[in-house]
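**Q**
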Amino acid sequence: MYVSIGRRGAIVFPYRVCVDGHEDGCLFRVTTHIHADHIVDLDKSAIYCKHVIATPITLDILKVMGYTIPTNKAVALNYGQSMNIDQDGWLRLSIAKADHIPGSAQVVLDTKDACIGYTGDFRAPGIRTEILKDLDILVVDATYGDPSYVRESEDAIMNEFVKLLKKLLTEGPVAIYAYHGKINDVMLKLRQWGIDAPYILSSSQWNIYCVLNRYGYGTSDVFHQGSREAEEIMKSGWYIEFALTSRYSFLRRRKGISHVLVTGRYGKTVARLGGSWVVGLSGHADFNELVYYVDEARPRLLIVDGYRSQYAHVFSSYVKSSLGIEAIVKPF
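See below:
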């Protein structure tokens, strides 16, 4: 049973199933979540595939992000749901929970010959991410597949993050930069940790927030930038605005506002970086979590995604030597 990873990142399962990318001949496209490296060539899939499959949240967010998927092609699967992709019922495609951003999913293809899974991006395996077991082949994300990527606990990071924000908010407004979906995750966590400053969102983030709010991911005191309420709040100088990581380099030049970049690619909990701050809060599993997932799953063959991780070969070697599980990297 052959599984490959294409040159543009598509996870290619048998029977013309592609995940998080598109290859010629694919009839079924699964999108695990909305991040850029997982929606590559989605426009092609919307044209050439029979179905484009994702969780309801992911499909709705893609719509407000400007992607057009014909209604007769879009298939929404909730966690635990599955669909037949052949007439005889031998091929079943199912979706499992992944904790990364709202709507994130794992994918399983059951055939009469084998069971194949793909984790997508995840964190907190066995707690907030279901561990896929009894698989012949597992494709794993290994963004932080190097042993040096071991983080503090999320509670420890949030504790330092909240301390920093409370201090910065006494000095003026704060801008927080993160990826799509991660912004909403940070918004909710800060409320849970007692940060009550109003939130200001740009139009693009507001549209995504409105979708997530319908699915129960809303919180208090969130305002659309440019609205009358937001203008009054901004005059007060006590608020938090959220923007995409891609805007950080440009927007951090602004004076009179503190800038905080949230990224898992920075090893420390909280650190000063020039005139800004960096918080090491990640939506990806660290090295120990990756090892735990694979050790619990114990597939017959592990394929490490080498398209999305520079540490794929390091992680593959570790799995073979330390866990005794056959592991390879694709693309080679």
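So the mapping is simple: this note's numbering equals the position in the sequence shown, first residue as 1, plus 47.
C-beta: ideal position from N, C-alpha, C; glycine also.
In this text, all values refer to a predicted model and were calculated from it rather than measured experimentally.
To the nearest angstrom, report how far apart aspartate 84 and asparagine 125 are at their CA atoms.
**A** 22 Å
**Q** Specify whether the segment 317–330 and the segment 248–260 touch according to this definition: at least 3 beta carbon pairs, one from each stretch, less than 8 Å apart.
**A** no
**Q** DSSP three-state label for glutamate 177, please.
**A** coil
**Q** With DSSP run on the structure shown, which of helix, strand or coil describes cysteine 65?
**A** strand
**Q** DSSP three-state call for proline 149: helix, strand or coil?
**A** It is coil, neither helix nor strand.
**Q** Keeping to the same chain, check which residues put their C-beta closer than 6 Å to that of histidine 98; ignore five residues upstream and five downstream.
**A** Phe75, Lys120 and Val122
**Q** DSSP three-state call for tryptophan 137: helix, strand or coil?
**A** For tryptophan 137, the secondary structure class from DSSP, reduced to helix, strand or coil, is coil.
**Q** Using the rule of at least 16 other Cβ atoms within 10 Å of the residue's Cβ for burial, across every protein chain shown, is tryptophan 137 buried or exposed?
**A** Exposed, by the Cβ-count rule.
**Q** Tell me which residues share the same chain as alanine 189 and place their Cβ nearer than 7 Å to its Cβ, disregarding the 5 neighbours each side in the sequence.
**A** Leu337, Val351, Asp352, Ser356, Tyr358, Ala359 and Phe362
**Q** Checking the sheet assignment: what are the DSSP bridge partners for phenylalanine 270?
**A** Ile247
**Q** Exposed or buried, what is lysine 213 when buried is set at 16 or more other beta-carbons lying within 10 Å of its beta-carbon?
**A** exposed
**Q** Express the C-alpha separation of isoleucine 104 and glycine 72 in angstroms, rounding to a whole number.
**A** 27 Å
**Q** Measuring alpha carbon to alpha carbon, tell me which residue in Cys65, Arg261 and Pro194 is nearest tyrosine 95.
**A** Cys65
**Q** Whole angstroms is fine: what's the gap from arginine 261's alpha carbon to threonine 102's?
**A** Cα to Cα, the separation comes out at about 14 Å.
**Q** Give the straight-line distance between the Cα atoms of alanine 161 and alanine 222, rounded to the nearest whole angstrom.
**A** 48 Å
**Q** Check the DSSP bridge columns for alanine 290 and list the partner residues they point to.
**A** Tyr224
**Q** Per DSSP, tyrosine 165 forms a beta bridge with which residues?
**A** Val154 and Val186
**Q** Against chain B, with Cβ distances strictly below 9 Å, would asparagine 231 count as a contact?
**A** Included in the structure is just one protein chain, with no chain B present.
**Q** Below 9 Å between beta carbons: does that hold for glycine 311 and glycine 330?
**A** yes
**Q** Mapping the DSSP letters down to three states, classify lysine 377 as helix, strand or coil.
**A** strand
**Q** Hey, would you say tyrosine 165 sits closer than 9 Å to phenylalanine 334, going by beta carbons?
**A** no
**Q** Which residue from Gly219, Val50 and Phe169 puts its Cα closest to that of tryptophan 285?
**A** Gly219
**Q** Mind checking aspartate 181: buried by the 16 CB within 10 Å criterion, or exposed?
**A** exposed
**Q** Would you report the Cα separation of alanine 179 and alanine 145, rounded to the nearest angstrom?
**A** Looking at the sequence shown, residue 179 is not alanine but leucine. Distance between the alpha carbons of leucine 179 and alanine 145: 10 Å.
**Q** Give a yes or no on whether the C-beta atoms belonging to histidine 69 and valine 50 are separated by under 9 Å.
**A** No. Outside cutoff.
**Q** Under DSSP, the alpha helix (DSSP H) around aspartate 202 begins and ends at which residues?
**A** Per DSSP, the continuous alpha helix (DSSP H) segment holding aspartate 202 begins and ends at 201–216.
**Q** Classify asparagine 131 as buried or exposed, calling it buried when 16 or more other Cβ atoms lie within 10 Å of its own Cβ.
**A** exposed
**Q** Are three or more beta carbon pairs between the segment 192–211 and the segment 268–278 nearer than 8 Å?
**A** no
**Q** Our contact map puts valine 187 next to leucine 349 with C-beta atoms below 8 Å; I'd like the distance itself, whole angstroms only.
**A** 6 Å
**Q** Locate the alpha helix (DSSP H) running through serine 368, then write down its first and last residues.
**A** Neither: serine 368 is in no alpha helix (DSSP H) and is coded neither H nor E.
**Q** Nearest CA to the CA of threonine 266: which residue from Leu235, Arg300 and Ser195?
**A** Leu235
**Q** Let's see if you can read the secondary structure: which residues bound the beta strand (DSSP E) around asparagine 131?
**A** 129–131
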